[in-house]
Amino acid sequence: MDIPLIHPGSKAVLGFSGGVDSVVLSHFLIERYQIRPYLLHVNYGLREAADEDEKWCRWYAAENRFEIIVFKAKPSERTGQNIQNWARDIRYKFFKEQAELLGAQYIFTAHHADDRRETFLMNALRGSGLTTMAGMSNSQIIRPLAQMDKSEVLEYAQQHNLNWVEDASNSTLKYKRNKMRHVLFPVLNDVEPRWRGGLKKSIDNLTRDSTLLSGLLTNWAKEYVLEKDGELYLQMGTWTREAYAQVLLYRYARNLDAGFSFEGVGHVLTGDSGQRTLGKSHILIKDRGQFIIGSITPVDQGEYEIKNIHDTAHLPFDLTFTPKPIQEVKFVNDQEWISTSIPFPLTLRVWKPGDKFVPLGMNGQKKIADFLNDLRVPGHHKERVYVAEHQGHILWVLGYRIADSLKVATGAEMAYLAEINPRL
Numbered sequence: 098m099d100i101p102l103i104h105p106g107s108k109a110v111l112g113f114s115g116g117v118d119s120v121v122l123s124h125f126l127i128e129r130y131q132i133r134p135y136l137l138h139v140n141y142g143l144r145e146a147a148d149e150d151e152k153w154c155r156w157y158a159a160e161n162r163f164e165i166i167v168f169k170a171k172p173s174e175r176t177g178q179n180i181q182n183w184a185r186d187i188r189y190k191f192f193k194e195q196a197e198l199l200g201a202q203y204i205f206t207a208h209h210a211d212d213r214r215e216t217f218l219m220n221a222l223r224g225s226g227l228t229t230m231a232g233m234s235n236s237q238i239i240r241p242l243a244q245m246d247k248s249e250v251l252e253y254a255q256q257h258n259l260n261w262v263e264d265a266s267n268s269t270l271k272y273k274r275n276k277m278r279h280v281l282f283p284v285l286n287d288v289e290p291r292w293r294g295g296l297k298k299s300i301d302n303l304t305r306d307s308t309l310l311s312g313l314l315t316n317w318a319k320e321y322v323l324e325k326d327g328e329l330y331l332q333m334g335t336w337t338r339e340a341y342a343q344v345l346l347y348r349y350a351r352n353l354d355a356g357f358s359f360e361g362v363g364h365v366l367t368g369d370s371g372q373r374t375l376g377k378s379h380i381l382i383k384d385r386g387q388f389i390i391g392s393i394t395p396v397d398q399g400e401y402e403i404k405n406i407h408d409t410a411h412l413p414f415d416l417t418f419t420p421k422p423i424q425e426v427k428f429v430n431d432q433e434w435i436s437t438s439i440p441f442p443l444t445l446r447v448w449k450p451g452d453k454f455v456p457l458g459m460n461g462q463k464k465i466a467d468f469l470n471d472l473r474v475p476g477h478h479k480e481r482v483y484v485a486e487h488q489g490h491i492l493w494v495l496g497y498r499i500a501d502s503l504k505v506a507t508g509a510e511m512a513y514l515a516e517i518n519p520r521l
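Per the numbering used here, the very first residue in the sequence shown carries number 98; after that it's consecutive.
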């Protein structure tokens, strides 16, 4: 049961329920690695015995010279999730927060091989993919008992005369995991007595394959993915013509927890420029030789009036006008210099189809849609481009170009440097 890369005497935390698994692991870490972890116990408040279990865990910690930290959950705050998912989320959040606060090098949990088998079968029945099927892959969590069967954990406890708490909920058939343990597993014992070893080998094989795939994805991303301004730009290449292209793109996006469907990714991959799909938090767009992954941002439908250069606090972004002597004005591409003779008030809004303006340096009008297309502005960025208008005339496409009427006139002594930034 040796654990690779664990340094004796290190600071660690251990998820501790008081059950036989966590008691065995607390004992083993001391005996084998001289690690006396902080015990982290969650009182979910869901069972009548929850407070008694907490009391026992505190007694065990005091009796065996462990530090213990208890988190009391509030079931009334659960919204939408089923109980088991809710409990898992708050448990791991608590573990990670405490590990960071304590400066712990390791987070231990007492999952054993039977837990892995149960997780594997539940994921298989849900139609999960390779990474999920491999199970329990959180790199921050170390599971020293993962290769031990439950019977071996019990044998260790008996050999060392350990005491533990029995959780009555483990025997109820209310939960799917318990049904697997008490109903399905006995049937599998009859069908194939060696199924535990075979399933463990399958899980190990899938875990190795998942590790290989993750490494290949990482190397692919180094060659094709560029991060800029909080968005990811995936360059097209020969990979887009391979049979695995849809799987590759889906798996990469899945690592971001973006929530895209496999079918949606396929539509973007094979669609025309501008094709898009929405996930739970991100958007994937095909755009002129690349794919873009960015956060979903609602399109602003409001209009905002500013009466002078200082009247900008109410805008949904930061806008500043800094007066500069004409000697400091340098007309470079990433700076917008504006005449100090701005005709206020200005109305700021997102541009609409049919909007036109006279771009700096031109005599005639140009549709803003064509102007943005000429600049190759990605589709999801176009939807968030603001214009400034006065008395029905558009004087500025913010962040891109002023109208010719706002240019700094020859002989001017001052000019405004206009800067726009997202409001964080």
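Even for Gly, the Cβ is constructed at its ideal location relative to N, Cα and C.
Counting C-beta neighbours from all protein chains within 10 Å, is the total for Lys349 16 or more, i.e. buried, or is it exposed? Translated into positions along the sequence shown, residue 349 becomes position 252. Residue 349 is actually Tyr in this sequence, not Lys. Classification for Tyr349: buried.
What residues are listed by DSSP as bridge partners for Asp415? Here residue 415 corresponds to residue number 318 of the sequence shown, with the count starting at 1. In DSSP, Asp415 forms a bridge with Asn518.
Does the separation of the CB atoms of Arg351 and Ser370 fall below 8 Å? On the sequence shown, position 254 is the one that residue 351 refers to. On the sequence shown, position 273 is the one that residue 370 refers to. Their beta carbons are not under 8 Å apart, which means Arg351 does not touch Ser370 by this criterion.
If you run the structure through DSSP and keep just helix, strand and coil, what is Glu151? On the sequence shown, position 54 is the one that residue 151 refers to. Helix, per DSSP.
Using the three-state DSSP reduction, which class does Pro449 fall into: helix, strand or coil? Taking the first residue of the sequence shown as 1, we reach residue 449 at position 352. Note on identity: in this sequence residue 449 is Lys, with Pro being the wrong assignment. Reduced to three states, the DSSP call for Lys449 is coil.
Our contact map puts Lys479 next to Lys464 with C-beta atoms below 8 Å; I'd like the distance itself, whole angstroms only. Taking the sequence shown and counting its residues from 1, the one referred to as residue 479 is at position 382. Taking the sequence shown and counting its residues from 1, the one referred to as residue 464 is at position 367. Their Cβ separation, rounded to whole angstroms, is 12 Å, which puts Lys479 and Lys464 out of contact at 8 Å.
Three-state class that DSSP yields for Asn430 in the structure shown: Position 333 of the sequence shown, counted from the first residue, corresponds to residue 430. If DSSP states are grouped into helix, strand and coil, Asn430 belongs with coil.
For Gly357, does the three-state DSSP call read helix, strand or coil? The residue labelled residue 357 in the question sits at position 260 within the sequence shown. Residue identity differs from the one stated: residue 357 is Phe in this sequence, not Gly. Phe357: coil per DSSP, three-state reduction.
Does DSSP classify Asn182 as helix, strand or coil? The residue you call residue 182 lines up with position 85 of the sequence shown. Looking at Asn182 - three-state DSSP - the assignment turns out to be helix.
6 Å CB neighbourhood of Phe388 in its chain, flanking five on each side removed: For this step, residue 388 is matched to residue 291 along the sequence shown. For Phe388, where only same-chain residues beyond five positions count, the Cβ hits under 6 Å are Leu331.
Thinking C-beta only, is Ala485 closer than 8 Å to Lys421? Locating residue 421 in the sequence shown gives position 324, counting from the first residue. Locating residue 485 in the sequence shown gives position 388, counting from the first residue. It is not a contact, given that the beta carbons lie outside the stated cut-off.
Could you compute how far the alpha carbon of Glu400 sits from the alpha carbon of Pro450? What you label residue 400 is simply residue 303 of the sequence shown in a count that begins at 1. What you label residue 450 is simply residue 353 of the sequence shown in a count that begins at 1. Whole-angstrom Cα-Cα distance: 16 Å.
For Phe441, verify whether its CB is less than 7 Å away from any heavy atom of the ligand ADP. This structure lacks the ligand ADP, and indeed carries no ligand of any kind.
Span separating the alpha-carbon of Asn260 from that of Val120: The count along the sequence shown starts at 1 and reaches residue 260 at position 163. The count along the sequence shown starts at 1 and reaches residue 120 at position 23. Their Cα atoms are separated by approximately 8 Å.
Quick one: give me the first and last residue of the alpha helix (DSSP H) that Trp317 is part of. Your numbering for residue 317 matches position 220 in the sequence shown. First-last of the alpha helix (DSSP H) with Trp317: 292-321.
Pairwise C-alpha distance: Gln372 and Phe357: Within the sequence shown, numbered from 1, the residue matching residue 357 stands at position 260. Within the sequence shown, numbered from 1, the residue matching residue 372 stands at position 275. Distance between the alpha carbons of Phe357 and Gln372: 14 Å.
Looking only at its chain, what residues have a beta carbon closer than 6 Å to the beta carbon of Arg498, apart from the 5 residues adjacent to it on each side? The residue you call residue 498 lines up with position 401 of the sequence shown. Pro456, Leu457.
Which runs of the alpha helix (DSSP H) spanning at least 4 residues fall entirely within the stretch 489-517, listed in chain order? none
Since Lys463 sits in a beta bridge, which residues does DSSP pair it with? What you label residue 463 is simply residue 366 of the sequence shown in a count that begins at 1. Looking at the DSSP assignment, Lys463 forms a beta bridge with Phe454.
Could you tell me the distance, in whole angstroms, from the CA atom of Asn405 to the CA atom of Lys383? Here the question's residue 405 lines up with position 308 in the sequence shown. Here the question's residue 383 lines up with position 286 in the sequence shown. Between Asn405 and Lys383, the C-alpha separation is close to 40 Å.
Between Leu227, Pro475, Gly106, Phe428, which lies nearest to Arg305 when the distance is taken from Cα to Cα? One-based indexing of the sequence shown puts residue 305 at position 208. The residue with the shortest Cα to Cα distance from Arg305 is Leu227.
Could you check the C-alpha separation between Val322 and Ile393 for me, to the nearest Å? For the purposes of this step, residue 322 is identified with residue 225 of the sequence shown, where counting begins at 1. For the purposes of this step, residue 393 is identified with residue 296 of the sequence shown, where counting begins at 1. Each residue's alpha carbon lies about 19 Å from the other.
Taking all protein chains shown into account, do 16 or more other C-beta atoms lie within 10 angstroms of the C-beta of Ile403, making it buried, or fewer, making it exposed? Taking the first residue of the sequence shown as position 1, residue 403 is located at position 306. The residue is buried, with at least 16 neighbouring Cβ atoms inside 10 Å.
Since Leu199 contacts Val110 with CB under 8 Å, what's their CB separation in whole angstroms? For the purposes of this step, residue 199 is identified with residue 102 of the sequence shown, where counting begins at 1. For the purposes of this step, residue 110 is identified with residue 13 of the sequence shown, where counting begins at 1. The pair is a contact, with the Cβ atoms about 7 Å apart (cut-off 8 Å).
From Glu433, His487, Pro413, residue whose alpha carbon lies closest to that of Arg481: For the purposes of this step, residue 481 is taken as the residue at position 384 of the sequence shown. Closest by alpha carbon: Pro413.
Could you name the residues of the same chain whose beta carbon sits closer than 7 Å to that of Asn267, not counting the 5 residues immediately before and after it, in chain order? Residue numbering aside, residue 267 sits at position 170 when the sequence shown is read from its first letter. Cβ within range, chain order: Asn275.
Identify, in the order they occur along the chain, each residue of the same chain with its Cβ nearer than 8 Å to the Cβ of Tyr246, setting aside the five sequence neighbours on each side. Numbered from its first residue, the sequence shown carries residue 246 at position 149. Note that residue 246 corresponds to Asp in the displayed sequence, not to Tyr. Closer than 8 Å at Cβ, skipping near neighbours: His209, Ala210, Asp211, Arg293.
Inter-residue spacing [alpha-carbon to alpha-carbon] between Arg223 and Met333: As a working mapping, residue 223 is identified with position 126 in the sequence shown. As a working mapping, residue 333 is identified with position 236 in the sequence shown. Their Cα atoms are separated by approximately 33 Å.
Are the stretch 359-369 and the stretch 423-442 touching, with three or more C-beta to C-beta distances below 8 Å? no
Quick one: is Asp118 buried, meaning 16 or more other Cβ sit within 10 Å of its Cβ, or exposed? Position 21 of the sequence shown, counted from the first residue, corresponds to residue 118. Label assigned to Asp118: buried.
Could you spell out the range, first to last residue, of the beta strand (DSSP E) harbouring Ala109? The residue given as residue 109 occupies position 12 in the sequence shown. 109-112 is the extent of the beta strand (DSSP E) around Ala109.
On a CA-only basis, which of Asn179, Ala147, Gly142 is nearest Pro172? Give me that one, please. Looking up residue 172 in the sequence shown gives position 75. Out of Asn179, Ala147, Gly142, Gly142 has the C-alpha closest to the C-alpha of Pro172.
Which of helix, strand or coil DSSP assigns to Ala485: To locate residue 485, count along the sequence shown from 1; it is residue 388. Strand, per DSSP.
Let me check understanding here. Comparing Cα to Cα, which of Ser438, Phe125, Leu296, His477 lies closest to Ala500? Counting from one through the sequence shown, the residue named residue 500 turns up at place 403. The shortest Cα separation from Ala500 among Ser438, Phe125, Leu296, His477 belongs to Ser438.
Could I get the ranges of all uninterrupted alpha helix (DSSP H) runs contained in the stretch 182-264, with 4 residues as the minimum, in chain order? 210-222, 227-231, 247-256
Contact between the stretch 155-166 and the stretch 281-292 (3+ Cβ pairs under 8 Å): no
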